[in-house]
Amino acid sequence: MSIQDIFAVKDKKALVTGGASGIGLAIAEGLAENGAVVAIVDRNKEALEREIARLISRDLRVSGVHGDVAADGFDATIEAAIAALGGVDIVFANAGISGGYGPGVGGNDAGLLQNIDLKSWNHTIGVNLTGIVSTLKATIPTLKEQRSGKIVVTASIAGLRANPSIGYSYTASKAALVLLIKELALELAPFGVQVNGLAPGPFKTNINGGRFFDPDNAAREAATVPLGRLAQPHEIKGLALLLSSDASSYITGAVIPIDGGKTAGGN
Numbered sequence: 001m002s003i004q005d006i007f008a009v010k011d012k013k014a015l016v017t018g019g020a021s022g023i024g025l026a027i028a029e030g031l032a033e034n035g036a037v038v039a040i041v042d043r044n045k046e047a048l049e050r051e052i053a054r055l056i057s058r059d060l061r062v063s064g065v066h067g068d069v070a071a072d073g074f075d076a077t078i079e080a081a082i083a084a085l086g087g088v089d090i091v092f093a094n095a096g097i098s099g100g101y102g103p104g105v106g107g108n109d110a111g112l113l114q115n116i117d118l119k120s121w122n123h124t125i126g127v128n129l130t131g132i133v134s135t136l137k138a139t140i141p142t143l144k145e146q147r148s149g150k151i152v153v154t155a156s157i158a159g160l161r162a163n164p165s166i167g168y169s170y171t172a173s174k175a176a177l178v179l180l181i182k183e184l185a186l187e188l189a190p191f192g193v194q195v196n197g198l199a200p201g202p203f204k205t206n207i208n209g210g211r212f213f214d215p216d217n218a219a220r221e222a223a224t225v226p227l228g229r230l231a232q233p234h235e236i237k238g239l240a241l242l243l244s245s246d247a248s249s250y251i252t253g254a255v256i257p258i259d260g261g262k263t264a265g266g267n
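This is the structure in structure tokens:
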């Protein structure tokens, strides 16, 4: 088998939640560029329609389904996406939001555990953790029945190590995903379904109010990264392709950092 065949996703049916911007969009675009048929689910209807039109103009095979992973009845949204694809081989459970700043940011009393706003906490957990579970609940039966498939969950290096600048709700949700990925990998291994996770470090996206588009914020964060810079969204494409293809045929239960070296020893 050639290296091109090993990494091939041509004609595979892929579903990406939170795919109208940032890392999710880069994942969806990378899969489609390599021949996959991709359904993008996102709650931002305007961004979804704009990006679907852009990708279709490039002759990529994509469709969009408007939906919120934290909303009641999200199963129906996933069913619509699978119907648009005519099945599903690859699931990227990616949708997520920021939980605000943590206790290590100067003067941020709201980030102290004793001051956590439980409404905000529940919203972040609802999207980042329960929304992932809802996505997986709706897609796993199809993957089990066909006894094959790839599930990739977007976790974070915030779930692998403590960082007091990151809000508790985000950290808690991403840490929970790390073990969810591993336990689900054990459940689905007998069905030939692999489950892995991405653990991004600092990417220049709109998360947390797009703070990394501020040059001062970006510079401060880049100084904590051994490679000395922030990642651009397109840099997720290679790892996403690896975990979507036969190149990862013996990888399951892994959560792979893509972080410029931060978990190896950055600040």
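Numbering-wise (full-length UniProt numbering), the sequence shown opens with residue 1 and increments by one. Think of the CB as a built atom: it goes at the ideal place given N, C-alpha and C, for glycine as much as any other residue.
### Task
Give me the Cβ distance between Gly201 and Pro257, rounded to the nearest whole Å; I'm assuming they're in contact under 8 Å.
Contact between Gly201 and Pro257 is confirmed by a C-beta separation of about 7 Å, below the 8 Å threshold.
### Query
Curious, which full-length alpha helix (DSSP H) runs of at least 4 residues does the segment 37–104 contain?
With a minimum length of 4 residues, the continuous alpha helix (DSSP H) runs that stay inside the segment 37–104 are 45–57 and 74–85.
### Task
Indicate the three-state DSSP secondary structure (helix, strand or coil) for Val195 in the structure shown.
It is a strand residue.
### Task
Could you name the residues that DSSP lists as bridge partners for Lys150?
Answer is Ile90 and Gln194, bridged to Lys150.
### Query
Any idea which residues DSSP pairs Leu15 with across the strands?
Looking at the DSSP assignment, Leu15 forms a beta bridge with Ala39 and Val91.
### Query
Which one of Gly107, Gly73 and Leu113 has the shortest CA to CA distance from Gly131?
Out of Gly107, Gly73 and Leu113, Gly73 has the C-alpha closest to the C-alpha of Gly131.
### Best match in Leu48, Gly238, Val195 and Asp259 for proximity to Asp89 [C-alpha to C-alpha]
Proximity to Asp89 across Leu48, Gly238, Val195 and Asp259 peaks at Val195, based on C-alpha coordinates.
### Three-state class that DSSP yields for Phe213 in the structure shown
Helix, per DSSP.
### Query
Thinking just about the alpha-carbon of each residue, which of Leu239, Ile157, Ala175 and Leu85 is nearest to the one in Gly261?
Minimum Cα-Cα distance from Gly261 among the listed residues Leu239, Ile157, Ala175 and Leu85 corresponds to Ile157.
### Query
First and last residue of the alpha helix (DSSP H) that includes Val178?
Start and end: Tyr168 to Leu188.
### Message
Helix, strand or coil, according to DSSP, for Ile256 in the structure here?
### Response
If DSSP states are grouped into helix, strand and coil, Ile256 belongs with the strands.
### Task
Under 8 Å by Cβ, that's how I've got Pro233 and Ile23 pegged, so tell me the actual separation to the nearest angstrom.
A Cβ-Cβ distance of about 6 Å is found for the pair Pro233 and Ile23, placing them in contact under the 8 Å criterion.
### Query
Anyone know if the C-beta pair for Ile40 and Val62 falls short of 8 Å?
In contact: Ile40 and Val62 (Cβ atoms closer than 8 Å).
### Task
Could you check if Phe203 is buried or exposed, using at least 16 other CB atoms within 10 Å of its CB as the buried criterion?
The residue is buried, with at least 16 neighbouring Cβ atoms inside 10 Å.
### DSSP three-state assignment for Ile200, whether helix, strand or coil
It is worth fixing the name first, because residue 200 is Pro in this sequence and not Ile. Here Pro200 sits in strand by DSSP.
### Query
If you draw a straight line from the C-alpha of Phe191 to the C-alpha of Asn115, how long is it?
The alpha-carbon atoms of Phe191 and Asn115 are separated by roughly 44 Å.
### Message
Taking only three categories from DSSP, how would you classify Ala155?
### Response
Coil at Ala155, not helix or strand.
### Task
Look at the alpha carbon of Arg220 and the alpha carbon of Leu230, and state the distance between them as a whole number of angstroms.
Roughly 10 Å separates the two Cα atoms.
### Message
Could you check whether Ala32 and Leu15 sit closer than 8 Å to each other, using their CB atoms as the reference points?
### Response
Going by beta carbons, Leu15 and Ala32 fall outside the 8 Å limit.
### Task
Please list the segments of the alpha helix (DSSP H) lying wholly inside the segment 102–150, counting only runs of 4 or more residues, in order along the chain.
Taking only runs of at least 4 residues, the alpha helix (DSSP H) segments lying wholly in the segment 102–150 are 118–125 and 131–146.
### Message
Less than 8 Å between the beta carbons of Ser21 and Ala47, yes or no?
### Response
Yes, the Cβ-Cβ distance between Ser21 and Ala47 is below 8 Å.
### Task
Could you tell me the distance, in whole angstroms, from the CA atom of Ala264 to the CA atom of Val255?
Taking the straight line joining both Cα atoms gives about 14 Å.
### Message
For Arg50 and Ala83, what's the separation of their Cα atoms in angstroms?
### Response
Taking the straight line joining both Cα atoms gives about 22 Å.
### Query
Would DSSP call Ala231 helix, strand or coil?
Shown here, Ala231 sits in a strand according to DSSP, grouped into three states.
### Message
Are the CB atoms of Thr154 and Gly96 within a distance shorter than 8 Å?
### Response
Their beta carbons are under 8 Å apart, which means Gly96 touches Thr154 by this criterion.
### Message
Using a 10 Å radius around the Cβ and a threshold of 16 neighbouring Cβ atoms, would you call Ile3 buried or exposed?
### Response
Classification of Ile3: exposed, given that the 10 Å Cβ count is below 16.
### Task
Report the rounded CA-to-CA distance for Asp42 versus Gly266, giving the unit in angstroms.
Those two C-alpha atoms are separated by around 33 Å.
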